[in-house]
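Residue numbers (this note's numbering): 198 to 315.
We treat Cβ as the ideally placed atom computed from N, Cα and C, and that holds for glycine.
Right, one structure below, let's go through it.
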């Protein structure tokens, strides 16, 4: 429980219910979540002088990175994919941080391509 002072338009803490459900399914207590999008591909056509005359930008590919405390190592090690915000994400990497005076932390990196739906 917390009390917020000042401008009430700001959202404090991790409150995304969908992301919390994914974190529970992969064994993390989330601390940070980052979702970014960029085109799956780009192509350019140049004229005879080497100047770009046209550009094509493909559909967005999304990258999902979540980091937090590991609460279930077996789930964390076994996670392979999930759906978030109607996008199918494939787990591409996981990282574990172990420190002498802290709990174990984990991070997963996932991608979602436009035509991969399962």
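Cβ distance (whole Å) where residue 209 is taken to contact residue 227 below 8 Å: Incorrect: roughly 15 Å between the Cβ atoms, too far for contact.
Suppose you measure from the CA of residue 310 to the CA of residue 271; what does that come to, to the nearest Å?
27 Å
Exercise. For the alpha helix (DSSP H) that contains residue 221, what are its first and last residues?
Worked result: 214 to 222
Ranges of the beta strand (DSSP E) found wholly within the region 200 to 278, counting only runs of at least 3 = 225 to 236, 239 to 243, 249 to 254 and 257 to 267
- prompt: What residue range is occupied by the uninterrupted beta strand (DSSP E) comprising residue 308?
  reply: 302 to 309
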